[in-house]
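Report on the following structure.
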Amino acid sequence: LFGWLPLQIVYFFVMAAVFFFLSKYTVLGRHIYAVGSNEKATRLSGIKTDRIKILAFILLGAAIAVAAVAESSRMGSINSTSSGTGYELNAIAMAVIGGVAMEGGKGKITNTMFGAFIFGLINNILTLVGVNTRLVNAFKGAIIIIAVLLQRKSRER
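In this note's numbering, each number is its position in the sequence shown, counted from 1, plus 985.
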């Protein structure tokens, strides 16, 4: 876009805006947070938790479809056996760095975007320095462990 802005960045901000709006200003967004926070209490309050979970997975599937289009446009091709492999650890690390609780129910889209930015920065620095891929993955795992421990410590206070 404009010759200098990668299309993936545009996808990222559009999807972040859509999910920010959904989570902040819609009943569905509040219900998703409620189910993630305490499913039993949500069910007892009369909300159909199974329906909310199905809708959440549908939204996730749509987001994955957009990510697949962005990835295939970046790579120029797609391979069903290797495309997207290894991104799970990255996604978890980005969310945890952004403050998303591993047990669910807590987290904000804007904080997750910040977590993705910080994670991308760390990942790029490690790649540019020439750190071995296995060490990079170990570092990502360490980031997740540290973030989870910090969340647990702050929750205990």
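The C-beta atom is built at its ideal place from N, Cα and C for all residues, glycine as well.
Item, Value
"Assess, as a yes-or-no matter, whether the region 1081 to 1101 is touched by the region 1127 to 1134 under the definition of 3 or more beta carbon pairs within less than 8 Å.", "yes"
"With a cut-off of 8 Å on the beta carbons, I'd call Lys1125 and Leu1074 a contact; round off their distance for me.", "5 Å"
"Going by DSSP in three states, Ala1123 sits in which element: helix, strand or coil?", "helix"
"Exposed or buried, which one is Gly1115 when buried takes at least 16 other CB atoms within 10 Å?", "exposed"
"Determine, using beta carbons only, whether Ser1057 and Ile1063 come nearer to each other than 7 Å.", "yes"
"Smallest Cα separation from Leu1040: which of Leu1029, Ser1008, Ser1065?", "Ser1008"
"Closer than 6 Å by C-beta to Ser1027: which residues in its own chain qualify, once you throw out the five before and the five after it? Chain order, please.", "Looking at the sequence provided, one finds Thr at residue 1027 rather than Ser. For Thr1027, where only same-chain residues beyond five positions count, the Cβ hits under 6 Å are Ala1019, Val1020, Thr1034."
"Candidates Ile1110, Phe997, Ile1128: which alpha carbon is nearest Ala1053's?", "Phe997"
"For Ala930 and Ile994, what's the separation of their Cα atoms in angstroms?", "Lying outside 986 to 1142, the shown extent of the chain, residue 930 is not represented and no answer is given."
"Would you report the Cα separation of Asn1109 and Thr1118, rounded to the nearest angstrom?", "12 Å"
"Runs of 4 residues minimum, wholly inside the region 1005 to 1075: which ones carry the alpha helix (DSSP H) assignment?", "1012 to 1022, 1024 to 1029, 1034 to 1060"
"Check Gly1105 in the structure and name its three-state DSSP category.", "helix"
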